[in-house]
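Taking it in order: structure first as structure tokens, then the write-up.
Numbering (the working numbering), first residue to last: 5 to 144.
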């Protein structure tokens, strides 16, 4: 249910901006949302990754957010994006969202005990955090 909450939050945010948003059926590989701008007729695909308590406080390395991703990723494409959603235990908190173009994802990946994680350190937050403009530009 955590993953669904993140996908629905992304759909809500993009719909409010006037986009047509479709959620894929459960079990669809790699793509969670299809988003289209009705004015430009451009569309993109999004894979939404969601974790509760994704924020890690670390004195040594600095604060970062982390999400587990698939070991085998789909090919990067200019019309394919990842949204990484951080939920908290407080249902009244607004989720943190990081928008990452698929071409930039590999620079954020870390291998840990056989799992692959997207890790976004505090220094990189301005590049991706709440960067809805990245999606807006792709749909313009």
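All C-beta atoms in this analysis are idealised placements derived from N, C-alpha and C, irrespective of residue type, glycine included.
Original post:
If you draw a straight line from the alpha carbon of residue 2 to that of residue 43, how long is it in whole angstroms?
Top reply: Limits of the chain in this structure are 5 at one end and 144 at the other, which puts residue 2 out of reach.
Original post:
beta strand (DSSP E) containing residue 35: first to last residue?
Top reply: As a working note, residue 35 is residue 31 in the chain shown. Looking at the DSSP string, residue 35 is not in any beta strand (DSSP E), and its letter there is neither H nor E.
Original post:
Just to confirm, are residue 122 and residue 134 a CB contact at a threshold of 9 Å?
Top reply: In the chain shown, counting from the first residue as 1, residue 122 sits at position 118. In the chain shown, counting from the first residue as 1, residue 134 sits at position 130. Taking 9 Å as the Cβ cut-off, residue 122 and residue 134 do not qualify as a contacting pair.
Original post:
For residue 29, is the classification buried or exposed, using 16 other Cβ atoms within 10 angstroms of its Cβ as the cut-off for buried?
Top reply: Taking the chain shown and counting its residues from 1, the one referred to as residue 29 is at position 25. So residue 29 counts as exposed.
Original post:
Going straight from the alpha carbon of residue 35 to that of residue 6, what length do you get?
Top reply: Residue mapping note: residue 35 aligns to position 31 of the chain shown, counting from 1. Residue mapping note: residue 6 aligns to position 2 of the chain shown, counting from 1. Looking at the two C-alpha atoms, the distance is approximately 16 Å.
**OP:** Could you check what DSSP says for residue 15 in three-state terms: helix, strand or coil?
**Re:** On the chain shown, position 11 is the one that residue 15 refers to. Residue 15 falls in the helix class under three-state DSSP.
Original post:
In terms of residue numbering, what span does the beta strand (DSSP E) encompassing residue 105 cover?
Top reply: Position 101 of the chain shown, counted from the first residue, corresponds to residue 105. Counting along the chain, the beta strand (DSSP E) containing residue 105 begins and ends at 100-105.
Original post:
Where residue 62 and residue 70 are concerned, what is the direct C-alpha to C-alpha distance, given to the nearest angstrom?
Top reply: Reading the chain shown from its first residue, position 58 is the one you call residue 62. Reading the chain shown from its first residue, position 66 is the one you call residue 70. Whole-angstrom Cα-Cα distance: 12 Å.
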